[in-house]
Amino acid sequence: MIGVSTTGARGFGISPVNGKRRVPLPAASAIAFIVGLPSFVLVPFGPLLEGALKVHAHQALLQPAGPCSIFTPVHDGTLHRLFPSAKFDEPLKRYTAWKIGGPADALLEPKSADEVVAAVNAARENDVPVTVLGGGTNVLVRDGGIRGLTIRLAKSLTNVEADGTSVIADAGVLYPVLANTTAAKGLAGLEFATGIPGTVGGAVFMNAGAYGSETTEVLDWADVFEADAGEVVRMKNEDLRLSYRRSILHEHPDWLVLRAGYTLRPGDAESLKARIKEFRAQRMNGSPNRPSCGSTFKRPPGDFPGRVIEAAGLKGTRVGNLEVSPVHANYLVNLGGGTAEDALKLIELVRNTVREKLGVELESEVRVIGEP
Ligand SMILES: Cc1cc2nc3c(=O)[nH]c(=O)nc-3n(C[C@H](O)[C@H](O)[C@H](O)COP(=O)(O)OP(=O)(O)OC[C@H]3O[C@@H](n4cnc5c(N)ncnc54)[C@H](O)[C@@H]3O)c2cc1C
0 MIGVSTTGAR
10 GFGISPVNGK
20 RRVPLPAASA
30 IAFIVGLPSF
40 VLVPFGPLLE
50 GALKVHAHQA
60 LLQPAGPCSI
70 FTPVHDGTLH
80 RLFPSAKFDE
90 PLKRYTAWKI
100 GGPADALLEP
110 KSADEVVAAV
120 NAARENDVPV
130 TVLGGGTNVL
140 VRDGGIRGLT
150 IRLAKSLTNV
160 EADGTSVIAD
170 AGVLYPVLAN
180 TTAAKGLAGL
190 EFATGIPGTV
200 GGAVFMNAGA
210 YGSETTEVLD
220 WADVFEADAG
230 EVVRMKNEDL
240 RLSYRRSILH
250 EHPDWLVLRA
260 GYTLRPGDAE
270 SLKARIKEFR
280 AQRMNGSPNR
290 PSCGSTFKRP
300 PGDFPGRVIE
310 AAGLKGTRVG
320 NLEVSPVHAN
330 YLVNLGGGTA
340 EDALKLIELV
350 RNTVREKLGV
360 ELESEVRVIG
370 EP
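Anchor point for the sequence shown: position 108 equals 107 in numbering that gives the first Met the number 0, and the numbering is continuous, going up by one each time.
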């Protein structure tokens, strides 16, 4: 049922299986976490969010992010018993770049990869749906919040190790921090990450990129907890199927990135730091200084979303407290107290207007999670 190993809580044994490097779970801590809990039948994961939720037709081109299992009501007592260190009924707008989002039933910030694995396993065994948040910089959490367990990795899994030109970063490391850390060590390749406020896990999930570079260019592998299989698998770059703001993880809502390995190039620390400073200055000049999720829409073929939205006359358009930024039209900014409902309506208004006026189809980059 769960791929446990008794080789100890620390250190991952690695053995190649089916072309992938299989890593048995750090089982001792997982078992310790679960010991004392009543035994429950393992409930298989249900359909993805797209199926489990009634996704409204007008949101069809948004990118719903999947929780790890089906939405079923979970008794508060169950969550308190399973995840005593979680925060309960916690407003997620505190954790999203957009400053939007209803409450999480339970919000857990695990201190280690072992704790993540143990929490997900405990949730699965008790039919508690699981949703993963990195930095919350590319999600729209709906106003009804998130049922079950929300695991937030930003700022909790934060270790970075470098050995020669190889760098291993935990899933919760912020990309700008990784850019600075690697540049300071004279390692080139991740300077672009300075403009991306999310985490390593979110960057793998999204194949995040900026200034003409993308994560896939420097990423070697990611350790992915495939919760459905109960295994941590070291997936190579090519197996992650990274493409424009996409990865294989979009098709596997029950997979979770725990850490990632990068291969960088030797460089001069001072020039790398100067490059990062230059990127930052560019960003400061061209971006609105309001809560947003960065670029809302992906690039349409041969064009830029900001250009077409501006050409459709939408700069400054508002729905409630959400506005198409007058500074950069691909940023939909929260003027204060904006709701997910406002954001979804504005996204739809932009898409419809751009389609009607210019015949261009815009696809949202943002992941929509939670309940209306
Ligand atoms: C001001 C601003 C500027 C931005 N500029 C850029 C830019 O230049 N380029 C760019 O690419 N993006 C940009 N973004 C968007 C965002 O920062 C990236 O998409 C980032 O990679 C998201 O990471 P995150 O940790 O915040 O993920 P989240 O927003 O927390 O999550 C995004 C998705 O990834 C999943 N996820 C997160 N962590 C994990 C994990 N460990 N395992 C499995 N799934 C996970 C979540 O479930 C969710 O579906 C910008 C955002 C803002 C607010």
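No residue lacks a Cβ here, since even glycine has one placed at the ideal position from N, Cα and C.
Between which two residues does the alpha helix (DSSP H) containing residue i stretch?
| i | result |
| --- | --- |
| THR77 | 75–81 |
| GLY201 | 199–205 |
| PHE278 | 268–285 |
| GLY305 | 304–310 |
Using CA atoms only, rank isn't needed, just tell me which of the options is closest to residue i.
| i | options | result |
| --- | --- | --- |
| ARG298 | GLY147, ALA153, ASP113, GLY211 | GLY211 |
| LEU348 | GLY301, GLY335, ILE368, THR295 | THR295 |
| GLU355 | VAL307, ASP253, LEU334 | VAL307 |
| ALA226 | VAL256, THR157, ASP162 | VAL256 |
| LEU263 | LYS98, ASP162, LEU91 | ASP162 |
| LEU239 | GLY312, GLY266, MET205, SER270 | MET205 |
| ASP219 | VAL199, ARG279, ALA209 | VAL199 |
| VAL353 | ALA228, LEU132, THR338, ASP302 | ASP302 |
| THR316 | ILE346, PRO102, SER165 | ILE346 |
| GLY101 | LEU107, PRO109, GLU89, ALA112 | GLU89 |
| ASP267 | ASN179, VAL127, ALA328, ALA103 | ASN179 |
| VAL115 | ASP104, VAL131, VAL326, VAL127 | VAL131 |
| VAL129 | ASP113, ALA105, ASP169 | ALA105 |
| THR214 | GLY229, ALA168, PRO252, ALA228 | ALA168 |
| GLU340 | HIS327, ASN320, PRO325, VAL326 | ASN320 |
| ILE368 | LYS86, GLY133, GLU309 | GLY133 |
| GLU364 | GLU309, ILE247, ALA207, GLY229 | ALA207 |
| ALA311 | GLY285, ARG282, GLY358, VAL217 | GLY358 |
| THR372 | GLY197, THR136, ALA182 | Residue 372 is absent from the structure shown; the chain starts at 0 and stops at 371. |
| GLY337 | LYS92, ALA85, ILE195 | LYS92 |
| ARG123 | PHE82, ALA182, GLY135, ALA153 | PHE82 |
| ARG350 | ASN284, LEU313, GLY229, ALA221 | LEU313 |
| PHE87 | ILE150, THR164, HIS74, ALA103 | ALA103 |
| GLN281 | THR193, SER165, VAL127, PHE224 | THR193 |
| VAL73 | VAL127, PRO109, GLU230 | VAL127 |
| LYS247 | VAL203, ARG279, ALA209, THR164 | Residue 247 is actually Ile in this sequence, not Lys. Closest option to ILE247, Cα to Cα, is VAL203. |
| GLU108 | ASN125, ALA170, PRO252 | ALA170 |
| VAL326 | THR95, GLU360, PHE224, MET283 | MET283 |
| GLU216 | GLU360, TYR261, THR164, THR181 | TYR261 |
| ILE150 | ARG279, TYR94, ALA328, ILE195 | TYR94 |
| ILE195 | GLU230, ARG279, SER155 | ARG279 |
| GLY285 | THR136, THR181, ASN329 | ASN329 |
| ALA96 | ALA209, HIS251, SER165, GLY293 | GLY293 |
| HIS249 | THR136, LYS110, ASN125, GLY201 | GLY201 |
| LEU152 | ALA182, ASN125, SER111 | SER111 |
| PRO300 | GLU309, VAL223, GLU360 | GLU360 |
| PHE224 | THR164, ALA342, ASP113, ALA85 | ASP113 |
| VAL166 | ALA342, PRO304, GLU309, PRO265 | PRO265 |
Starting from residue i, trace the beta strand (DSSP E) both ways and give me its first and last residue.
| i | result |
| --- | --- |
| PRO90 | 86–90 |
| ARG233 | 230–235 |
| THR352 | Where THR352 is concerned, there is no enclosing beta strand (DSSP E), although the alpha helix (DSSP H) it sits in stretches over 339–357. |
| PRO102 | 102–107 |
| THR262 | 254–262 |
| PHE376 | Nothing can be reported for residue 376, as the shown portion of the chain is limited to 0 through 371. |
| ILE99 | Unbroken run through ILE99: none, as it is neither H nor E. |
| LEU331 | 331–333 |
| GLU370 | Segment: none, GLU370 is in no beta strand (DSSP E) and carries neither H nor E. |
| VAL326 | Note, VAL326: premise wrong, no beta strand (DSSP E); not H, not E. |
Under 7 Å from any heavy atom of ligand 2, does the C-beta of residue i make it?
| i | result |
| --- | --- |
| VAL129 | Because ligand 2 does not appear in the structure shown, any question about it cannot be addressed here, the ligands present being ligand 1. |
To the nearest whole angstrom, what separates the beta carbons of residue i and residue j, a pair I think is in contact under 8 Å?
| i | j | result |
| --- | --- | --- |
| GLU362 | ARG141 | That belief does not hold up - the Cβ atoms of GLU362 and ARG141 are roughly 19 Å apart, past 8 Å. |
| GLU190 | ILE99 | About 30 Å separates the two Cβ atoms, so there is no contact after all. |
| LYS344 | VAL323 | Not quite, the Cβ-Cβ distance comes to about 12 Å (not below 8 Å), so this is no contact. |
| VAL159 | ARG366 | At roughly 25 Å, the Cβ-Cβ gap does not stay under 8 Å, so VAL159 and ARG366 are not in contact. |
| ALA221 | ALA259 | 4 Å |
When you compare the CB of residue i with every CB in chain D, is at least one pair closer than 8 Å?
| i | result |
| --- | --- |
| GLY200 | Included in the structure is just one protein chain, with no chain D present. |
Runs of alpha helix (DSSP H) wholly within the segment 113–196 (minimum 4 residues, chain order): Taking only runs of at least 4 residues, the alpha helix (DSSP H) segments lying wholly in the segment 113–196 are 174–183.
Stretch-stretch touch, CB-based, cutoff 8 Å, three pairs: the segment 231–239 with the segment 166–181: Segments in contact, no.
The segment 183–197 / the segment 107–119 touching (three or more Cβ pairs under 8 Å): The segment 183–197 is not in contact with the segment 107–119.
Inter-stretch contact (C-beta, 8 Å, three-pair minimum) for the segment 284–291 and the segment 326–333: Flag = yes, the segment 284–291 and the segment 326–333 touch.
Contact the segment 239–254 vs the segment 138–148: 3+ CB pairs below 8 Å: With a cut-off of 8 Å, the segment 138–148 and the segment 239–254 do not count as touching, because too few Cβ pairs lie within range.
Cβ contact check for the segment 263–272 and the segment 74–88: 3 or more pairs under 8 Å: Here the segment 263–272 makes no contact with the segment 74–88; the two share fewer than three CB pairs at distances below 8 Å.
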